[in-house]
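A.B. asks: Next up is a structure, given as structure tokens.
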Amino acid sequence: MNNNETNEQIPAGLNPSVCDPAERAETEKAFGRLYDIVKTLRAPGGCPWDREQTPETMRTDLVEEAFEAVDAINEKQPAHVCEEMGDVFLNASMIAYMYEQNGDFTLAKSLNEVSDKIIRRHPHVWPESEGKQNALEGGAKTADQVLTQWDAIKRGVEGRAGKSVLDEVSKGLPPLMQAYKLGKKAAKKGFDWNEGDLKGLWEKIDEEKAELIEACQKFPKKDSNGKAAPEVEEEFGDVLFCLVNLARHLGVDPVIAMERANAKFRHRFGYVEAKMAESGKEFVRGQWGEFEDNLWKEAKNLEHHS
């Protein structure tokens with residue numbers, strides 16, 4: 458096959474130096490196979506469990522699979538990432554096909570719309586795209602300029618100008634991630650602490666912490682289910698929101714930071730559990746003693762030397 462024949466198989470506007478028709482065909486075949494499997498599972502005579510599912514029953518699965526993929530990425534295990542990404546594709550395809558069955562939209566429409574959106578929001582790559590009317594003069598040459606242009610296209614050609622900037626943050630996001638994005642969006646409107654001077658933010662954290670302590674003292678009792686008073690819950694949320702904004706200013710992703718802390722706790726507590734079992738000892742509620750504390754320190758030291 459000569460270069461002209463190869464280029465003819467590549468859709469207009471795509472880079473022929475990186476778009477390999479053979480790789481494209483292989484990917485199309487693999488995705489088509491998954492699509493056919495999903496259709497077979499949902500068809501009469503298919504899987505009873507899959508046929509009973511709805512987008513509502515599967516939304517939690519989609520979130521869980523996405524987080525498992527993130528976990529695999531954090532562990533730097535490509536083979537595990539490969540498996541978990543496959544699960545994400547499966548769940549996303551299954552849910553999209555359910556809407557296709559209901560006549561709402563097709564999976565192909567969903568894929569084409571996201572492709573159109575990406576092209577539209579990258580006029581610095583596709584100069585003749587629909588987003589060119591909101592393109593930065595001189596082109597977007599830095600990552601920050603790309604993001605500025607991206608938002609301009611959303612407000613302009615996509616007609617989102619009348620909405621609050623916070624409407625761009627999905628309410629379906631996990632709360633920690635949602636708080637991070639809300640702070641980021643508000644900062645673009647100038648509602649933020651001074652960059653590089655965190656004194657005001659630290660003072661705000663101290664203020665919210667004092668209000669939480671006051672609420673705990675004022676409403677010390679939990680209800681019959683062990684739940685705190687609404688006032689305590691509200692003040693605790695304010696402290697968390699401030700800490701998320703601190704993370705943003707420090708350049709820390711709070712979700713990743715929390716995942717790392719969770720993994721660290723799992724390792725240390727698991728180490729203590731294993732050593733306790735080896736010693737024939739059992740945990741007693743409210744009696745974490747010197748023996749357990751020393752094991753915890755051992756686990757901590759092992760992390761620093763691994």
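Following my numbering, the numbering of the sequence shown begins with 458 at its first residue and continues without gaps.
Even for Gly, the Cβ is constructed at its ideal location relative to N, Cα and C.
1. Taking only runs that begin and end inside the region 485-541, name each unbroken alpha helix (DSSP H) of 4 or more residues, in chain order.
2. Grab the span of the alpha helix (DSSP H) containing V626 for me, first residue to last.
3. Determine, using beta carbons only, whether R578 and I530 come nearer to each other than 8 Å.
4. Assuming L593 contacts N548 (C-beta within less than 8 Å), just tell me the rounded distance between them.
5. Once the 5 residues before and after T497 are set aside, which same chain residues still bring their CB inside 7 Å of it?
6. Which residues in the same chain as V571 place their Cβ atom closer than 8 Å to its Cβ, once the five residues preceding and following it in sequence are excluded?
7. Following the continuous alpha helix (DSSP H) through K611, name the residue where it begins and the one where it ends.
8. Helix, strand or coil: which one does DSSP assign to F648?
9. Work out the CA separation of A667 and A714 for me, nearest whole Å.
10. Just the Cα atoms here: how many angstroms apart are V449 and D608?
11. How far does the alpha helix (DSSP H) with D695 in it extend, from its first residue to its last?
12. On the three-state DSSP scale, how would you describe F748?
13. Given a threshold of 16 other Cβ atoms within 10 Å of its Cβ, counted over all protein chains shown, does Q558 qualify as buried or as exposed?
14. Specify whether the region 503-513 and the region 522-537 touch according to this definition: at least 3 beta carbon pairs, one from each stretch, less than 8 Å apart.
15. Taking just the CA atoms, how far does E760 sit from G746?
16. H762 by DSSP, collapsed to three states: which one?
17. Hey, how far is the Cα of D750 from the Cα of V709?
18. Among the residues of its own chain, which have a CB less than 7 Å from the CB of E465, if the five just before and after it don't count?
19. Taking its Cβ as the centre, do 16 or more other Cβ atoms sit within 10 Å of R516, making it buried, or is it exposed?
20. Go ahead and label C699 buried or exposed: buried means 16 or more other beta carbons lie within 10 angstroms of its beta carbon, across all protein chains shown.
21. Helix, strand or coil: how does DSSP classify E462 here?
C.D. replies: Well, looking at it:
1. Here the runs fully enclosed are 505-509, 512-531.
2. Careful: V626 lies outside any alpha helix (DSSP H) and carries neither H nor E.
3. No. Outside cutoff.
4. Rounded to the nearest angstrom, the Cβ distance from L593 to N548 is 37 Å, too far for a contact under 8 Å.
5. The answer, listed in chain order, is G503.
6. Taken in chain order, the list of residues that qualify is empty.
7. DSSP places K611 in the uninterrupted alpha helix (DSSP H) bounded by 600-612.
8. Correct three-state label for F648: coil.
9. Near 24 Å, if we compare the C-alpha coordinates of A667 and A714.
10. Because the chain in this structure spans residues 458 to 763, residue 449 falls outside the shown range and cannot be described.
11. Its alpha helix (DSSP H) spans residues 687-707.
12. Helix at F748.
13. Per the 10 Å Cβ criterion, exposed.
14. By the Cβ test, the region 503-513 is not in contact with the region 522-537, since fewer than three Cβ pairs between them sit closer than 8 Å.
15. Using only the alpha carbons, I get a separation of about 22 Å.
16. Helix.
17. Roughly 29 Å separates the two Cα atoms.
18. With a pLDDT of only 49 at E465, under the threshold of 50, the placement of this residue in the model should not be trusted; the figure read from the coordinates follows. So the list is empty, once near-sequence residues are dropped.
19. With fewer than 16 other Cβ atoms within 10 Å, it is exposed.
20. By the 10 Å Cβ count, C699 comes out buried.
21. Unreliable placement is indicated for E462, whose pLDDT of 44 sits below 50; no coordinate value is reported for it.
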